[in-house]
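Q: What the sequence shown shows, in the numbering used here, is residues 333 to 534, in sequence order.
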Amino acid sequence: MKYLYLFIVSISFLFVSCKGNNPTPPYVYESYPHYSFGYQEFYGPYYSEYGNLNNVISLSLFSDSLKITEAGNLAGFGQYLFLEDMFISTSDTLLRSGTYTISDSGLPFTVAPGKKDTVDGNVYTIGSTISYYEPNMNNSTQKLITSGTLTITKPDSIYTIACNFKTNDKKDLTGSFSAVLGYSNEALTKAFIRKKILYIIP
Numbered sequence: 333m334k335y336l337y338l339f340i341v342s343i344s345f346l347f348v349s350c351k352g353n354n355p356t357p358p359y360v361y362e363s364y365p366h367y368s369f370g371y372q373e374f375y376g377p378y379y380s381e382y383g384n385l386n387n388v389i390s391l392s393l394f395s396d397s398l399k400i401t402e403a404g405n406l407a408g409f410g411q412y413l414f415l416e417d418m419f420i421s422t423s424d425t426l427l428r429s430g431t432y433t434i435s436d437s438g439l440p441f442t443v444a445p446g447k448k449d450t451v452d453g454n455v456y457t458i459g460s461t462i463s464y465y466e467p468n469m470n471n472s473t474q475k476l477i478t479s480g481t482l483t484i485t486k487p488d489s490i491y492t493i494a495c496n497f498k499t500n501d502k503k504d505l506t507g508s509f510s511a512v513l514g515y516s517n518e519a520l521t522k523a524f525i526r527k528k529i530l531y532i533i534p
């Protein structure tokens, strides 16, 4: 199974001229996407060198208009939810049922918020994000998820996920997923070298 890191180039928004005295409304993004496939990647105690021994999982969810090609590239249009750091207990290796809260505490059942970090003049997007891939590239964008919750229920092999987030532009972002969730243990295989993100849990 091939996994993917998506790098979104900066997007300059084009403002269309007004008709009469009524300005053209801003572009409206999907606020309740339904995700049809996804996967979780287990990284073990990723922040142990900073004193946090809790295990970490990354969660990626994709709407049904998106697909991953054989070359491992993302194709199509839709929404891609990426929660880079979901903290679970030291004894867990999979996401468990429960409510996960956007928080920078690094405790179990929390998810690191999205933010921008600058190191040596380079700006990095880290934490939780929602990326919109639109037919008009000028409208494609990425937003940071700054607060909210994610509720997971898993009575069997099916994960049911309900999102209730806020983005950095103060918009509501809900969404749903109900299917088998792919899994990769990156802590053991080391087949995928993850960029050491700069989000340091205090």
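Just so it is clear, CB atoms sit at the ideal spot from N, CA and C, and this is done for glycine as well.
Under a three-way DSSP split, which group does Ala494 fall into?
A: As a first step, residue 494 is located in the sequence shown; it is residue number 162 there, counting from the start. Ala494: strand per DSSP, three-state reduction.
Q: Using 8 Å as the threshold, is the C-beta distance between Lys475 and Thr461 below it?
A: Here the question's residue 475 lines up with position 143 in the sequence shown. Here the question's residue 461 lines up with position 129 in the sequence shown. Taking 8 Å as the Cβ cut-off, Lys475 and Thr461 qualify as a contacting pair.
Q: Using DSSP's beta-bridge definition, name the partner residues of Leu448.
A: If you number the sequence shown from 1, residue 448 lands on position 116. The amino acid occupying residue 448 in the given sequence is Lys; Leu does not appear at that position. Per DSSP, Thr457.
Q: Spatial neighbours of Asn495 within its chain, please: C-beta separation below 6 Å, excluding the five flanking residues on both sides.
A: As a working note, residue 495 is residue 163 in the sequence shown. Sequence inspection shows Cys at residue 495; the Asn mentioned does not correspond to that position. If we look at Cys495 and ignore the five residues flanking it on each side, its Cβ neighbours are Leu482, Thr506, Gly507.
Q: So Glu373 and Glu466 are supposed to be a Cβ contact under 8 Å. How far apart are they, rounded?
A: In the sequence shown, counting from the first residue as 1, residue 373 sits at position 41. In the sequence shown, counting from the first residue as 1, residue 466 sits at position 134. With 8 Å as the limit, Glu373 and Glu466 do not qualify as a contact, their Cβ atoms being about 26 Å apart.
Q: Please report how far the alpha carbon of Thr431 lies from the alpha carbon of Phe419, in whole angstroms.
A: Start at 1 with the first residue of the sequence shown, and residue 431 comes out as number 99. Start at 1 with the first residue of the sequence shown, and residue 419 comes out as number 87. Whole-angstrom Cα-Cα distance: 12 Å.
Q: Would you tell me roughly how many angstroms separate the C-alpha atoms of Leu393 and Asp452, rounded to the nearest one?
A: Here residue 393 refers to the residue found at position 61 of the sequence shown. Here residue 452 refers to the residue found at position 120 of the sequence shown. Going by the C-alpha atoms only, they are around 31 Å apart.
Q: Please report the distance separating the alpha-carbon of Ile400 from that of Gly408.
A: As a position in the sequence shown, residue 400 is number 68, starting the count at 1. As a position in the sequence shown, residue 408 is number 76, starting the count at 1. Rounded to whole angstroms, Ile400 to Gly408 spans 9 Å at the Cα level.
Q: Roughly how many angstroms lie between the CA atoms of Leu406 and Ser472, to the nearest whole one?
A: If you number the sequence shown from 1, residue 406 lands on position 74. If you number the sequence shown from 1, residue 472 lands on position 140. Between Leu406 and Ser472, the C-alpha separation is close to 14 Å.
Q: May I ask which residues mark the beginning and end of the beta strand (DSSP E) holding Ala407?
A: By 1-based counting over the sequence shown, the position of residue 407 is 75. Note, Ala407: beta strand (DSSP E), 406 to 408.
Q: Quick one: is Ala444 buried, meaning 16 or more other Cβ sit within 10 Å of its Cβ, or exposed?
A: The residue you call residue 444 lines up with position 112 of the sequence shown. Flag for Ala444 reads buried.
Q: Can you tell me the Cα-Cα spacing of Ser435 and Asn468, whole angstroms?
A: Start at 1 with the first residue of the sequence shown, and residue 435 comes out as number 103. Start at 1 with the first residue of the sequence shown, and residue 468 comes out as number 136. Straight-line Cα distance between these residues: approximately 33 Å.
Q: If you run the structure through DSSP and keep just helix, strand and coil, what is Asn517?
A: Taking the first residue of the sequence shown as position 1, residue 517 is located at position 185. Here Asn517 sits in strand by DSSP.
Q: Would you list the one or two residues that DSSP bridges to Phe441?
A: Mapped onto the sequence shown, residue 441 falls at position 109. Beta-bridge pairing links Phe441 to no other residue.
Q: Measure from the alpha carbon of Pro487 to the alpha carbon of each residue in Asp504, Val512, Ser463, then state which is nearest.
A: Position 155 of the sequence shown, counted from the first residue, corresponds to residue 487. Selected option, being the one with the closest Cα: Val512.
Q: How would you write the range of the beta strand (DSSP E) that Lys399 sits in, first residue to last?
A: As a working note, residue 399 is residue 67 in the sequence shown. It spans 398 to 400 - the beta strand (DSSP E) in which Lys399 sits, taken as one unbroken run.
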